[in-house]
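Student: Chains as they are written, first to last, in the numbering used here: chain W, 841 to 1014; chain Y, 2 to 254.
Shown next as structure tokens:
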């Protein structure tokens, strides 16, 4: 049973980072803005034309926006959610906060941050890869790791030094 | 009426190149002012000299005749009160985000502690907090341009010049960045006093600008300066918006 009163909320939480591993925050927010501009709802073909992106490139962005709870997809129609409206009215810092709450709940993200917290020291890239390979397979572990770093940095929960390849936790500035 | 001197005065500026004794005119008799709180877009077909005009304003090039005054004096290169954002981002790949943003302050001998805190402040303002120690190769295109913007703003410029800042980005990233730039523009705590942006996208100009300078094909002349009085936030699907796009389009083509 869903425990949220909002029917707009995603039906299931974002289980892993795969759908958001190949897209940027800017693209997802840009999609939300584009749908809002045509009235909050449009079919995929219209949006594809509007933003001059073919379905191959737009597909992963739509998937990511759906899994983050920003867009509902039904029979090829895209509709923005209450969460999207909140983001549209938020400033740059508030947008980060909203997305932080979502990312922080992603199980695999939580698993890695918990691991770093328990270790009480920075984790090496190899250690993190080792921990997630069991769940996602070797061939996807790299993508996952990159997504962890990208989204973790964006929401200001992860600090990563690409020189020493050490990942640690950080406190958000706001 | 106001007697306050404009921030920037472009007076009958023309630019020609000479090759084998032949003259190639790029810009012809350009005159306009930039005042406090102006967001101006210069639009025109490719090759109309709009980027050359911007180079002259930031002091990287000089008009063959006429003059360009910034705060009443002829423009000069490396004036920290004018910042530039480039289409190609122009970041140093071997420097981190923080180091790229700090660089201009370092060149002006700002003490380390002060420049670090200023740089962090602007990195946060453009939404890049968390990426301070990332290298450009670790960033998406939109984020690279945010670094370019933070680097320009950290100098506390009076005038921010932008040369096609969104044209290397995909349409979604560009849309998001345009909106967030407008957010920054309406924040009184954040410089600059005025923005002058070159773009080939009429849509983008009508979305962003209070005034649009429409230029003819080469040699670039000002066809018209339009005041865009559409209320904000602007919606590109509104008929009034289309009306403006059509109007500017008909001036240029």
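Where a beta carbon is used, it is the ideal one built from N, C-alpha and C, also for glycine.
Since the model is a prediction, treat every value here as computed from it, not as a measurement.
(1) Give the DSSP-derived three-state secondary structure of residue 105(Y) in the structure shown.
(2) By the three-class DSSP mapping on this structure, what secondary structure does residue 952(W) have?
(3) Report the neighbours of residue 125(Y) on chain W: residues whose CB is nearer than 9 angstroms to its CB, in chain order.
(4) Would you mind telling me which residues of chain W sit closer than 7 angstroms to residue 100(Y), beta carbon to beta carbon, in chain order?
(5) Are any of the Cβ atoms in chain Y nearer than 9 angstroms to that of residue 845(W)?
(6) Could you compute how far the alpha carbon of residue 171(Y) sits from the alpha carbon of residue 967(W)?
(7) Could you work out which residues of chain W lie near residue 244(Y), taking near to mean beta carbons separated by less than 9 angstroms?
(8) Residue 183(Y) versus chain W: which residues are under 8 angstroms apart at the beta carbon?
(9) Considering just the uninterrupted stretch of the alpha helix (DSSP H) at residue 244(Y), what are its terminal residues?
(10) Measure how close the beta-carbons of residue 244(Y) and residue 28(Y) come, nearest whole angstrom, since I'm counting them as under 8 angstroms.
(11) Looking at the structure shown, is residue 895(W) part of a helix, part of a strand, or coil, going by DSSP?
(12) So if I threshold CB-CB distances at 7 angstroms, which residues from the region 855-884 of chain W count as touching chain Y?
(13) In chain order, what are the residue ranges of uninterrupted beta strand (DSSP E) at least 3 long that sit wholly in the region 915-980 of chain W?
(14) So is residue 208(Y) buried or exposed if we call it buried at 16+ other beta carbons inside 10 Å?
(15) Could you pull out every residue in the same chain whose Cβ sits closer than 6 angstroms to the Cβ of residue 34(Y), ignoring the five residues on either side in sequence?
(16) Just how far apart, CA to CA, sit residue 874(W) and residue 19(Y)?
(17) Please state whether DSSP places residue 200(Y) in a helix, a strand or coil.
(18) Please decide whether residue 996(W) counts as near chain Y, where near means a Cβ-Cβ distance under 9 angstroms.
(19) Does the separation of the CB atoms of residue 1014(W) and residue 936(W) fall below 9 angstroms?
(20) Give me the chain Y residues within the contact set of residue 895(W), using Cβ-Cβ distance strictly less than 9 angstroms, ordered along the chain.
(21) Examine chain Y for any beta-carbon lying closer than 9 angstroms to the beta-carbon of residue 1002(W), and answer yes or no.
(22) Can you tell me the Cα-Cα spacing of residue 992(W) and residue 136(Y), whole angstroms?
(23) CB residue 155(Y) to CB residue 90(Y), shorter than 9 angstroms?
(24) Is the closest heavy atom of the ligand FAD to the C-beta of residue 944(W) under 8 angstroms?
(25) In whole angstroms, give me the CA-to-CA distance for residue 197(Y) and residue 214(Y).
(26) Roughly how many whole angstroms lie between the Cα atoms of residue 95(Y) and residue 5(Y)?
(27) Do residue 997(W) and residue 940(W) come within 9 angstroms of each other at the CB atom, strictly closer than that value?
(28) Are the region 858-866 of chain W and the region 895-905 of chain W in contact at 8 angstroms, needing three or more beta carbon pairs?
(29) Suppose only complete runs of 3+ residues qualify. What are the beta strand (DSSP E) ranges in the region 50-114 of chain Y, listed by chain order?
(30) Need the endpoints of the beta strand (DSSP E) that residue 181(Y) sits in, please.
Tutor: Looking at the atomic coordinates:
(1) Three-state DSSP puts residue 105(Y) in a helix.
(2) Residue state, collapsed to three classes: helix.
(3) The answer, in chain order, is 932, 933, 1013, 1014.
(4) Here the premise fails: no neighbours, minimum Cβ distance about 13 angstroms.
(5) No answer about residue 845(W) holds up, because its pLDDT of 46 lies below 50 and its placement is not dependable.
(6) The alpha-carbon of residue 171(Y) is positioned some 35 angstroms away from that of residue 967(W).
(7) Under the 9 angstroms cutoff, chain W gives no residues; its nearest Cβ is about 17 angstroms from residue 244(Y).
(8) Result: empty, since nearest Cβ-Cβ is about 11 angstroms, beyond 8 angstroms.
(9) Per DSSP, residue 244(Y) belongs to the alpha helix (DSSP H) from 240-253.
(10) 29 angstroms between Cβ atoms; not a contact.
(11) Residue 895(W): helix per DSSP, three-state reduction.
(12) Of all residues in the region 855-884 of chain W, 864, 866, 867, 869, 870, 871, 873, 874, 877, 878 have a Cβ within less than 7 angstroms of some Cβ in chain Y.
(13) Listed in chain order, they are 917-920.
(14) So residue 208(Y) counts as buried.
(15) If the five residues before and after residue 34(Y) are omitted, its C-beta is found closer than 6 angstroms to the C-beta atoms of 7, 10, all from its own chain and listed in chain order.
(16) So the two alpha carbons sit approximately 46 angstroms from each other.
(17) Strand, per DSSP.
(18) Yes - at least one Cβ of chain Y is within 9 angstroms of the one on residue 996(W).
(19) Taking 9 angstroms as the cut-off, the beta carbon of residue 1014(W) is found closer than this to the beta carbon of residue 936(W).
(20) By Cβ distance, chain Y contributes nothing, its closest Cβ being about 14 angstroms from residue 895(W), past 9 angstroms.
(21) It does: the Cβ of residue 1002(W) has a partner Cβ on chain Y nearer than 9 angstroms.
(22) Taking the straight line joining both Cα atoms gives about 16 angstroms.
(23) Residue 90(Y) is positioned such that its CB atom lies no closer than 9 angstroms to that of residue 155(Y).
(24) Ligands in the displayed structure: none, and consequently the ligand FAD is not present.
(25) Roughly 10 angstroms between the two C-alpha positions.
(26) Taking C-alpha positions only, residue 95(Y) is separated from residue 5(Y) by approximately 44 angstroms.
(27) For residue 940(W) and residue 997(W), yes; Cβs fall inside 9 angstroms.
(28) Taking 8 angstroms as the limit for Cβ pairs, the verdict is that the region 895-905 of chain W does touch the region 858-866 of chain W.
(29) Runs found: 66-71, 83-86.
(30) Element bounds for residue 181(Y): not the beta strand (DSSP E) but the alpha helix (DSSP H), 172-186.
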